[in-house]
Amino acid sequence: MKKIKRREFMRTTGVAGLSLATAKPGVGGFPNILVPGIKPLVISSSNGNSFKNGGDVTAVQKAFTMITQGADVLDAVIAGVNIVELDPLDDSVGYGGLPNADGVVQLDACCMHGPKKRAGGVAALEGVRTPSLVAKAVMENTDHHLLVGKGAQEFARNMGFKIEDDLNTENSRRKWLEWKRKIDPAHYLDPKKRAEAGRRATLEMLAEGRIREENLHGTINCNGINSKGEVCGVTTTSGLSWKMPGRVGDSPILGAGLYVDGEVGAVGSTGRGEANLYGLCSFLIVEEMRRGRHPKDAGMEALRRIKANTYEKRLLKRDGNPNFYVRFYILNARGEYAGVAMYDLNDNGKKATFAICDENGPQNVPFDSLMQGKHSE
Ligand code: GLY
Numbered sequence: 010m011k012k013i014k015r016r017e018f019m020r021t022t023g024v025a026g027l028s029l030a031t032a033k034p035g036v037g038g039f040p041n042i043l044v045p046g047i048k049p050l051v052i053s054s055s056n057g058n059s060f061k062n063g064g065d066v067t068a069v070q071k072a073f074t075m076i077t078q079g080a081d082v083l084d085a086v087i088a089g090v091n092i093v094e095l096d097p098l099d100d101s102v103g104y105g106g107l108p109n110a111d112g113v114v115q116l117d118a119c120c121m122h123g124p125k126k127r128a129g130g131v132a133a134l135e136g137v138r139t140p141s142l143v144a145k146a147v148m149e150n151t152d153h154h155l156l157v158g159k160g161a162q163e164f165a166r167n168m169g170f171k172i173e174d175d176l177n178t179e180n181s182r183r184k185w186l187e188w189k190r191k192i193d194p195a196h197y198l199d200p201k202k203r204a205e206a207g208r209r210a211t212l213e214m215l216a217e218g219r220i221r222e223e224n225l226h227g228t229i230n231c232n233g234i235n236s237k238g239e240v241c242g243v244t245t246t247s248g249l250s251w252k253m254p255g256r257v258g259d260s261p262i263l264g265a266g267l268y269v270d271g272e273v274g275a276v277g278s279t280g281r282g283e284a285n286l287y288g289l290c291s292f293l294i295v296e297e298m299r300r301g302r303h304p305k306d307a308g309m310e311a312l313r314r315i316k317a318n319t320y321e322k323r324l325l326k327r328d329g330n331p332n333f334y335v336r337f338y339i340l341n342a343r344g345e346y347a348g349v350a351m352y353d354l355n356d357n358g359k360k361a362t363f364a365i366c367d368e369n370g371p372q373n374v375p376f377d378s379l380m381q382g383k384h385s386e
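Read in order, the letters of the sequence shown correspond to residues 10 to 386 in this note's numbering.
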């Protein structure tokens, strides 16, 4: 991965030489964006600072640069996640995202514009590499928030998006075939046994390192703020790997996978969507921040709520704690932020991180976590 030096990044974003806290509007060719007090910032899941789709910058770098150059914050964060959606090396979202149980890539996304108080979403969309842009088109061109399945695809076609027969890459198809081989459905006519075999095959593939744990519920959430305090966010995903066709998780659902209130802040999630949906935790976190809580404390409240709501044995480890992860990316309208996670480690034993980009360039930051260790055992 080619690293951009801090000096080069400062030069290309135009932030070099400016004190954000003191610069006046119009200074340095960035009209009206450098108001004292609020520093522009972008926060995302870690894949927002891992993939470049053959280019020079990651999602958070792209979004931050656009924000500091005066772009609309929603346009900026969507341009950022487009890099990951289009990157064939990332199998968590968009083109090459891991497919459903039938081998079909079905994508979910939603976006929300703080100042405009508008949102749009798509679910179970097939054939379009950038569902985040279709979500934005729903927001801008319809009276609705959420379009799904064939209807979403027809809408995308009518809006001029290219519809492809198959969004699998060689990588995503190979992984699906391996999963299929492991579950061998001919020998599992009983749906319960088949479901158990599917779960076992997924765990085996995780243990073998064939799929990354973050990509099992692979998603990117990206939220941004400019120096005017305008906040926007987007979440996009291929959802749960090998999911039941038609399954939709939290990502495209307002209040769950994403929620933005222009006066309060923006929150998005990755991880087990079903757990997040029960508490609509992005909304919950925004409401906690509205009551004055810091992003970290608001996020911890949501994680505690998810933990308390998880009591089915199949979702618990031997120690009684959840056997899945959920993570939130939180930004308030003052530019304060937090990344919070159920557990501090990834399945590979390494510290789990989220990504930010500010005037110091992009970096990966360890989460504040509710519990120590891994979600698996
Ligand atoms: N959080 C992504 C999903 O569960 O689909």
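We put the CB at the ideal spot given by N, CA and C, even for glycine.
Query: Rounded straight-line distance, which links the Cα of V86 to that of V114; Result: 23 Å
Query: As assigned by DSSP and simplified to three states, the class of A30; Result: At A30, the pLDDT of 39 sits below 50, so the modelled position is not reliable and the matter cannot be decided from this model.
Query: Span of the beta strand (DSSP E), counted from its first residue to its last, around A275; Result: G274 to G280
Query: Completely contained beta strand (DSSP E) runs for the region 134-214, where each covers 3 or more residues; Result: 155-157
Query: Reference T74; option with closest CA among I294, S181 and G233; Result: G233
Query: Exposed unless 16 or more other CB atoms sit within 10 angstroms - verdict on Y268; Result: buried
Query: Proximity winner among M351, E283, Y104 and F292, relative to R313 (alpha-carbon distances); Result: M351
Query: Cβ-based neighbour list, V137, same chain, cut-off 6 Å, excluding 5 preceding and 5 following; Result: V143, A165 and F170
Query: Outcome for D111 when other beta-carbon atoms lying within 10 angstroms are tallied against a minimum of 16; Result: exposed
Query: Closer than 7 Å: D328 CB and nearest the ligand GLY heavy atom; Result: no
Query: Unbroken alpha helix (DSSP H) run spanning A85, endpoints; Result: V82 to L95
Query: The beta strand (DSSP E) enclosing T74, as first and last residue numbers; Result: No beta strand (DSSP E) contains T74, which is instead part of the alpha helix (DSSP H) from A68 to T77.
Query: CA-to-CA distance, D356 to S260, given in whole angstroms; Result: 22 Å
Query: Rounded Cβ spacing between S247 and G271 (contact assumed at less than 8 Å); Result: Going by Cβ atoms, the distance from S247 to G271 rounds to 29 Å, so no, they are not a contact pair.
Query: Burial state of R219 (16 or more Cβ within 10 Å); Result: exposed
Query: DSSP-derived helix/strand/coil call for R127; Result: strand
Query: Residues that I52 bridges to, as DSSP identifies them; Result: N232 and I365
Query: Any 3 or more C-beta pairs closer than 8 Å across the region 120-140 and the region 81-97; Result: yes
Query: Three-state secondary structure (DSSP) of N318; Result: helix
Query: Local conformation of D8 per DSSP, three classes; Result: As displayed, the chain neither begins before 10 nor continues past 386, which places residue 8 out of reach and without an answer.
Query: heavy atom of the ligand GLY below 7 Å from D306 C-beta; Result: no
Query: Distance CB(A275)-CB(G301) smaller than 8 Å; Result: no
Query: Proximity test, T178 beta-carbon vs the ligand GLY heavy atom, cut-off 7 Å; Result: no
Query: Per-residue DSSP class, three states only, for S385; Result: coil
Query: C231 to T319 span [Cα, whole Å]; Result: 27 Å
Query: Assigned exposure category for A30 - 16 Cβ within 10 Å defines buried; Result: Only weak support exists for where A30 lies, its pLDDT of 39 falling under 50; the coordinates are left without a value.
Query: Three-state secondary structure assigned by DSSP to P304; Result: helix
Query: Option in I229, S250, D152 and K360 with minimal Cα separation from N58; Result: I229
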